[in-house]
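Chains as they are written, first to last, in my numbering: chain B, 472 to 599; chain V, 205 to 665.
First comes the structure, then the notes that go with it.
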């Protein structure tokens, strides 16, 4: 498992999600803290491509050896891609939460929502 | 106070004092007044044990066991022979009184039974994943409905009228809570009407439920029915009779996604209607959405083969309201009877018993069709049961047969108004050719008698 980290180029949601913003698109995932709390991830149940995400609402499930947990959407939008690689290698969520462990890509429906998210230092501060 | 328990007023006072409560009513004060009964239950006064025993004995003596008459009753539960081997194993105390085997270090026997059972069900159904039982057949079909509902939130179920009436009722009851409409697909010439199914299919159909063989005994053409279901993205569910799967092709071969069914025929006696178990097998795609428990094979720290409950994150004690089911008690003892029975039959035995049923059922249908006033309801292939129509009041016919020690079968009218005088006749390996000949003879007399009773004017004419 990777060491704790909260990259500066990402935006964070209080439910332990991150978003990498690229224009009106974003890549979403769960933070190092979230995967550490979940323990070994064994399954990701993704939303369908084309389905709509609503900010602060659950959009997918992650199953670890300990529990099944909802993944909460940090932003609203439409799913354009899901990480197919996780079906064979769900452990990527643990090993590389900000890289190969990404969950979905979305087209944002309201770019202004990004302003509600935290930067790395506020998020990290919220954890203690 | 209570007329049925032995605690004295002094006992109660002592207990209340110990827990610091004034009266028994105080214990219930958190229950709102509006939902309390406010009076004693309407029960008769207590009676001496001896009287109660005599009363129960009298009630029990009114039962007729399948061993006391020549029975052709089936309709979902079947009178197969259960070898003594089954009882000698399932009555071992290690198996008879198990608790949920969450601790593998003390539950290897039970976990291995579950694993072997799952393997057998998987091989019989041709589907890779089996759970270790649900309560019984109809609730297993309902559980398949719940899986479909959770899977893609579509709004309509289609169910063949050939599915067991209890299972259809169960699905309707459960679907009401999910807001899913249940639409019945009629039978045509005894089997699911493929044209009606095609017309009813659409992209709002969540799942389609079929039965093999169907309730009227007919073997359905799954090869023809399943592709259209898959084409519209619906889940194909097939309720099967496990005793026929030695001779019929397994549902998994036809693209069926979920096979469910009643497990009673496998090593479980009729026992006045239960308990039994339901089986549930599915494709790998539904592994994590399946209800119930699954035992998995693994190795321990020393590399030795062992078994554990696996995929428990689907279950209610971890997943709470998002659990795939809320079943805490599996029917493991009944499933143990099934796996002992299947092991006793063996790979060849399950085929031979299927062939035996096939031959005797064909013989019986022919013998009964030759009886005056009896005709088959359909001409479809049958394997262990078939439906006939009697030209008389079917209940009168059954009573007349019973008077001669024969139970000729199950009257269809209550479940199928279109077959008001229909009779469903089941054959097991326990019914010999001589038994079938006797059925034909007794049924012939009964039908003739019932016709005379119905038409006195013709008798006098």
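Here a beta-carbon is modelled for each residue, glycine too, at the ideal position from N, C-alpha and C.
Grab me the residues of residue i's own chain with a C-beta within less than 8 angstroms of its C-beta, minus the 5 sequence neighbours each way, in chain order.
i, result
"residue 416 of chain V", "423, 424, 426, 442, 443, 444, 445, 448, 452, 455"
"residue 418 of chain V", "364, 366, 367, 391, 394, 395, 396, 424"
"residue 531 of chain B", "515, 516, 517, 518, 541, 542, 574, 575"
"residue 576 of chain V", "648, 651, 652"
"residue 308 of chain V", "315, 510, 511, 512, 513"
"residue 383 of chain V", "359"
Among the candidates the options, whose CA atom is the shortest distance from the CA of residue i?
i, options, result
"residue 412 of chain V", "V:321, V:375, V:331, V:308", "V:375"
"residue 550 of chain B", "B:533, B:529, B:576", "B:576"
"residue 593 of chain V", "V:607, V:574, V:608", "V:574"
"residue 485 of chain V", "V:232, V:655, V:341, V:547", "V:341"
"residue 595 of chain V", "V:656, V:640, V:487, V:349", "V:656"
"residue 420 of chain V", "V:402, V:553, V:222, V:583", "V:583"
"residue 494 of chain B", "B:595, B:589, B:582", "B:582"
"residue 468 of chain V", "V:622, V:568, V:545", "V:545"
"residue 462 of chain V", "V:335, V:292, V:622, V:500", "V:335"
"residue 560 of chain V", "V:450, V:647, V:510", "V:450"
"residue 475 of chain V", "V:254, V:269, V:501, V:234", "V:269"
"residue 666 of chain V", "V:232, V:384, V:388", "An answer regarding residue 666 of chain V cannot be provided, because it is not within the stretch 205 to 665 covered by chain V."
"residue 517 of chain V", "B:586, B:515, B:589", "B:515"
"residue 189 of chain V", "V:378, V:371, V:440", "Chain V is shown from 205 up to 665; residue 189 of chain V falls before or after that span and cannot be answered."
"residue 385 of chain V", "V:578, V:361, V:400", "V:361"
"residue 629 of chain V", "V:326, V:282, V:312, V:358", "V:282"
"residue 290 of chain V", "V:611, V:645, V:306, V:541", "V:541"
"residue 613 of chain V", "V:254, V:504, V:569, V:252", "V:569"
"residue 491 of chain V", "V:293, V:351, V:470", "V:351"
"residue 519 of chain V", "B:558, B:502, B:538", "B:538"
"residue 293 of chain V", "V:591, V:548, V:331, V:619", "V:548"
"residue 588 of chain B", "B:558, B:489, B:475", "B:489"
Check whether chain B comes within 9 angstroms of residue i, counting only Cβ atoms and requiring the distance to be less than that.
i, result
"residue 517 of chain V", "yes"
"residue 492 of chain V", "yes"
"residue 223 of chain V", "no"
Residue i touches chain V at which residues, Cβ-Cβ below 7 angstroms?
i, result
"residue 555 of chain B", "Result: empty, since nearest Cβ-Cβ is about 15 angstroms, beyond 7 angstroms."
"residue 514 of chain B", "492"
Assuming residue i and residue j are in contact, meaning their beta carbons sit under 8 angstroms apart, how far apart are those beta carbons, in whole angstroms?
i, j, result
"residue 494 of chain V", "residue 536 of chain V", "Actually they are not in contact, since the Cβ atoms of residue 494 of chain V and residue 536 of chain V sit about 17 angstroms apart, beyond 8 angstroms."
"residue 284 of chain V", "residue 632 of chain V", "5 angstroms"
"residue 337 of chain V", "residue 366 of chain V", "That pair is no contact at about 24 angstroms."
"residue 524 of chain B", "residue 540 of chain B", "Not quite, the Cβ-Cβ distance comes to about 16 angstroms (not below 8 angstroms), so this is no contact."
"residue 579 of chain B", "residue 499 of chain B", "No, residue 579 of chain B and residue 499 of chain B are not in contact; Cβ-Cβ is about 11 angstroms, not under 8 angstroms."
"residue 565 of chain V", "residue 551 of chain V", "Not confirmed; about 22 angstroms, so no contact."
"residue 572 of chain V", "residue 644 of chain V", "6 angstroms"
Which same chain residues, not among the five before or five after residue i, have their C-beta less than 6 angstroms away from its C-beta?
i, result
"residue 320 of chain V", "543"
"residue 481 of chain V", "337, 467, 535, 538, 539"
"residue 205 of chain V", "For residue 205 of chain V, the predicted model reports a pLDDT of 45, less than 50, meaning its position is unreliable; a value from the coordinates is still stated below. Answer for residue 205 of chain V: no residue qualifies."
"residue 665 of chain V", "Legend: pLDDT at residue 665 of chain V = 43, less than 50; position of this residue unreliable, value from coordinates given subsequently. For residue 665 of chain V, where only same-chain residues beyond five positions count, there are no Cβ hits under 6 angstroms."
"residue 557 of chain V", "633"
"residue 526 of chain B", "544, 546, 547, 584"
"residue 433 of chain V", "412, 440"
I'd like the list of long-range same chain contacts for residue i, defined as Cβ closer than 7 angstroms, with 5 residues on each side in sequence excluded.
i, result
"residue 521 of chain B", "549, 550"
"residue 506 of chain B", "512, 564, 565, 568"
"residue 478 of chain B", "569, 591"
"residue 344 of chain V", "338, 464, 465, 482, 483, 484"
"residue 324 of chain V", "543, 546"
"residue 553 of chain V", "none"
"residue 407 of chain V", "436, 437"
"residue 654 of chain V", "596, 597, 600, 601, 604"
"residue 536 of chain B", "510, 511, 513"
"residue 398 of chain V", "428, 429"
Looking at the C-beta of residue i, does it have a partner C-beta in chain V at a distance below 9 angstroms?
i, result
"residue 538 of chain B", "yes"
"residue 559 of chain B", "no"
Could you list which residues in chain V have their beta carbon closer than 8 angstroms to that of residue i, in chain order?
i, result
"residue 534 of chain B", "492, 517"
Taking 9 angstroms as the CB-CB cut-off, is residue i touching chain C?
i, result
"residue 456 of chain V", "Of the protein chains in this structure, namely B and V, none is chain C."
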